[in-house]
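K.L.:
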Amino acid sequence: MESTEELQFSDDEEEVTAETVLKTLQCAWQNERLSPEILPHQNDMVECMLGQIQHMERNINKLSKTDLRTSIHKMEISRIKFIICNYLKTRLNKIEKYCIPILNQERQRIETDTNYLTPSEYKYAQEYVLNMENHMKNVVLNKMPGNMQVFEMNKMAEHPNLQTHVFLKANETINGVVLEDLTGEDEEIDLEEGSQHILQYKPIADLLKNGKVTLL
Amino acid sequence: MFAEKVIELIKEVDRNPDTIDQYNDEKIRQIIEEMHLLFKLNMNDANATTENRSLWTTVQVRHSALERNKRCILAYLYNRMKKIKTLRWEFGAVLPPDIRELLSDDEYQWFSKYSGNLALYMRSLGQDIGYSGIDLTENLKPPKSLFIEVLCVVDYGKLELEDGDVVMLKKNSRHYLPTSECQTLIRQGILKQIM
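Residue numbers (our numbering), protein chains in the order written: chain Z, 816 to 1031; chain Y, 4 to 198.
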C-alpha cells in the first residue's frame, strides 16, 4: 500500500499544489463530518498541510507586525488549523463512540494493509477500550456475583447506523449502484456526473471511500 | 420489586443530560447487594430444582433481573464516562475542585488515563514532519476574527503572548487579544468575551 502511494505521489508531484491539498483536505473533512462511519485516514494530506502552515508561519514572522499581509495570512492559517483540528476531532469522536466495532474491523484491515486509522489513532482506540474495560471492572463488575462479572464486548459495542440517509453528489458517472430493498427487490440506479441525490449510506459507502462521490 | 433501584439510577442520569451529578456510590452499593441476594436465592433454588421443574421460572425471572441490573449499572457508568470526556475538552487536564468532587476516585483515575491518552495522541500528531503535536482542544469554534475584546474576571497576573508582548490581566480590565491565545482562558472562566 505504502509503496504504491508513494509511486502515485511521485508521478504527479509537480501538480500537487498547496491549493489542491487544501481542497482534498476540505473534502475529506466534509465527508468525515457527514458519514456515519469512520473513513480511511488522510494522514498524508494533514501532514502536508501542517508543513505548509509551518512554512507560512515562518514567512509571516519575516513581515513586520503592522503589515496588512500579516493579519490576512494569520487569519488564513487559523482557518486551516481549525479545519485540521475539527477533522481530527471528528475522527476521534467516532473512534471513541464506535471503538469496539472499529477495533474489530481494523484488526482485519491491518492484515490486508488497508487500515483506516493512522497508527496513533489505532493506539489511541486500543488504549481507550482498555481503559473503559478496566474502569467498569474496577468499579462494579468485580463486585458483582460470579456469573455477572464478564465484560461483554458485544453488548457494550455501539454500531454506526449505516442505514441512515445522506446527501451526496457524484463526481463522475457511475452505473449500476444497487440499492437493497427490505422486501428483497433490489433496484439498480445510475448516478450521473455532478448530479445530487439522497440515498442510504450503505450502498454508496464504497463509492465514497473511492472518492467517486462526495457527501454534502 | 427487582431492579427498581437501578431504574432510579438511570432516571437520575436522564434528568440532567447536560450536567454531571455526584457519583451515587450508595445506590450502586445497594444494587450490587441486591444482585448478590438474587444470586444466592437463585443458587439455592437451582440446586434444589434439578428434578423439580416448578421453580425454573422463578430462577429465570431472577436471572433476568440480575442481567437488567448489570446492564443498567453499566449504562449509568458509560453515560458518566461520556460526560467526563466532555469535561476534558472543556477544562483541560486539570479539573476545577468543585467538579472534581462530583467524580468518584475511580472515575477520576479514568479521567486521568483518558486525559493522558489524549495528550499522547495529540503529541504524536505531525511528529514525522518535526511538529511537536497539535492541541486539538484549541480551535473548537470556527475562527471569526483574529482579535477579540475580552473582560478579565479575576486577577490573573501576567500573560505572555506568542509574539513576546506581556499583558497584565487585572480584574475588570479590558483587553484586545488574539483569539487563539485566550480561548483556554475564556473556557477556564478567567476572561469573558465582550460581544
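In this text, a Cβ means the ideal position worked out from N, Cα and C, and glycines have one as well.
Are the C-beta of P960 (chain Z) and some C-beta of chain Y separated by less than 7 Å?
P.N.:
Position 145 of the first sequence, counting from 1, holds the residue named residue 960 (chain Z). At least one chain Y Cβ lies under 7 Å of P960 (chain Z).
K.L.:
Looking at C-alpha atoms only, which residue of Y:S107, Y:F150, Y:L139 and Y:Q186 is the closest neighbour of R126 (chain Y)?
P.N.:
Position 123 of the second sequence, counted from the start, is the residue given in the question as residue 126 (chain Y). Looking at the Cα atoms, Y:L139 is the closest of the given residues.
K.L.:
Looking only at its own chain, which residues have a Cβ that is under 7 Å from the Cβ of I13 (chain Y), when we skip the five neighbours before and after it?
P.N.:
Taking the first residue of the second sequence as position 1, residue 13 (chain Y) is located at position 10. Counting only Cβ-Cβ distances below 7 Å, and skipping sequence neighbours, we find C75, A78 and Y79.
K.L.:
Is N82 (chain Y) closer than 7 Å to V16 (chain Y) when the C-beta atoms are compared?
P.N.:
Here residue 16 (chain Y) refers to the residue found at position 13 of the second sequence. Here residue 82 (chain Y) refers to the residue found at position 79 of the second sequence. Yes, these two residues count as a Cβ contact at 7 Å.
K.L.:
To test your reading of the DSSP string, which unbroken alpha helix (DSSP H) runs of 4 or more residues are found completely within the region 6-80 of chain Y?
P.N.:
The region 6-80 of chain Y contains these whole alpha helix (DSSP H) runs: 7-18 and 28-51.
K.L.:
Against S127 (chain Y), what residues of chain Z qualify as contacts under a CB-to-CB distance less than 7 Å, listed in chain order?
P.N.:
Taking the second sequence and counting its residues from 1, the one referred to as residue 127 (chain Y) is at position 124. Per Cβ cutoff of 7 Å: S935.
K.L.:
Using the three-state DSSP reduction, which class does E163 (chain Y) fall into: helix, strand or coil?
P.N.:
Stepping through the second sequence from its first residue, residue 163 (chain Y) is reached at position 160. Three-state DSSP puts E163 (chain Y) in a strand.
K.L.:
Beta-carbon within less than 8 Å of E936 (chain Z)'s beta-carbon, same chain only, minus the 5 sequence neighbours each way: which residues are those?
P.N.:
Taking the first sequence and counting its residues from 1, one reaches residue 936 (chain Z) at position 121. So the qualifying residues of the chain are H856, R906, L907 and I910.
K.L.:
For Q923 (chain Z), list the residues DSSP reports as bridge partners.
P.N.:
For the purposes of this step, residue 923 (chain Z) is taken as residue 108 along the first sequence, with counting starting at 1. Beta-bridge pairing links Q923 (chain Z) to no other residue.
K.L.:
Which residue from Y:Q25, Y:G192, Y:R56 and Y:T61 puts its Cα closest to that of L105 (chain Y)?
P.N.:
Against the second sequence, residue 105 (chain Y) aligns to sequence position 102. The option with the nearest alpha carbon to L105 (chain Y) is Y:Q25.
K.L.:
For a contact defined as C-beta to C-beta under 7 Å, what are the partners of N953 (chain Z) on chain Y?
P.N.:
Taking the first sequence and counting its residues from 1, one reaches residue 953 (chain Z) at position 138. Within 7 Å Cβ-Cβ: D109.
K.L.:
Could you work out which residues of chain Y lie near V862 (chain Z), taking near to mean beta carbons separated by less than 7 Å?
P.N.:
For the purposes of this step, residue 862 (chain Z) is taken as residue 47 along the first sequence, with counting starting at 1. It is worth fixing the name first, because residue 862 (chain Z) is Glu in this sequence and not Val. Residues of chain Y passing the Cβ test: G129, D131 and I132.
K.L.:
State yes or no: is the C-beta of L128 (chain Y) within less than 7 Å of the C-beta of G119 (chain Y)?
P.N.:
Position 125 of the second sequence, counted from the start, is the residue given in the question as residue 128 (chain Y). Position 116 of the second sequence, counted from the start, is the residue given in the question as residue 119 (chain Y). Contact: no.
K.L.:
Taking P1018 (chain Z) and E995 (chain Z) to be in contact with their CB atoms under 8 Å, please state how far apart those CB atoms are, rounded to whole angstroms.
P.N.:
One-based indexing of the first sequence puts residue 1018 (chain Z) at position 203. One-based indexing of the first sequence puts residue 995 (chain Z) at position 180. Right, the Cβ-Cβ distance comes to about 7 Å (below 8 Å), so this counts as a contact.
K.L.:
Going along chain Z in order, which residues have a C-beta closer than 9 Å to the C-beta of F42 (chain Y)?
P.N.:
Along the second sequence, one-based indexing puts residue 42 (chain Y) at 39. Within 9 Å Cβ-Cβ: M959, P960, G961, N962 and M963.
K.L.:
Quickly, what does DSSP pair F897 (chain Z) with across the bridge? List them, please.
P.N.:
Residue 897 (chain Z) sits at position 82 when you count from the first residue of the first sequence. According to DSSP, which records beta bridges pairwise, F897 (chain Z) is partnered with nothing at all.
K.L.:
Check whether the Cβ of K116 (chain Y) lies closer than 7 Å to any Cβ atom in chain A.
P.N.:
The chain labelled as chain A is not found among the protein chains of the depicted structure, namely Z and Y.
K.L.:
So, with DSSP's three-state summary, where would you put F966 (chain Z)?
P.N.:
For the purposes of this step, residue 966 (chain Z) is identified with residue 151 of the first sequence, where counting begins at 1. Note: F966 (chain Z) maps to coil in three-state DSSP.
K.L.:
Kindly indicate which three-state DSSP category E1000 (chain Z) falls into: helix, strand or coil?
P.N.:
Residue numbering aside, residue 1000 (chain Z) sits at position 185 when the first sequence is read from its first letter. Here E1000 (chain Z) sits in coil by DSSP.
K.L.:
Is there a C-beta anywhere in chain Z that falls below 7 Å from the one on H39 (chain Y)?
P.N.:
Here residue 39 (chain Y) refers to the residue found at position 36 of the second sequence. So yes, H39 (chain Y) belongs to the interface.
K.L.:
Using the Cα positions of Y117 (chain Y) and E110 (chain Y), report the straight-line distance between them to the nearest angstrom.
P.N.:
As a first step, residue 117 (chain Y) must be located in the second sequence, where it is residue number 114. As a first step, residue 110 (chain Y) must be located in the second sequence, where it is residue number 107. Approximately 10 Å, taken between the alpha carbons.
K.L.:
Alpha carbon to alpha carbon, what distance is there between V861 (chain Z) and A833 (chain Z)?
P.N.:
Stepping through the first sequence from its first residue, residue 833 (chain Z) is reached at position 18. Stepping through the first sequence from its first residue, residue 861 (chain Z) is reached at position 46. Each residue's Cα considered, the two are about 11 Å apart.
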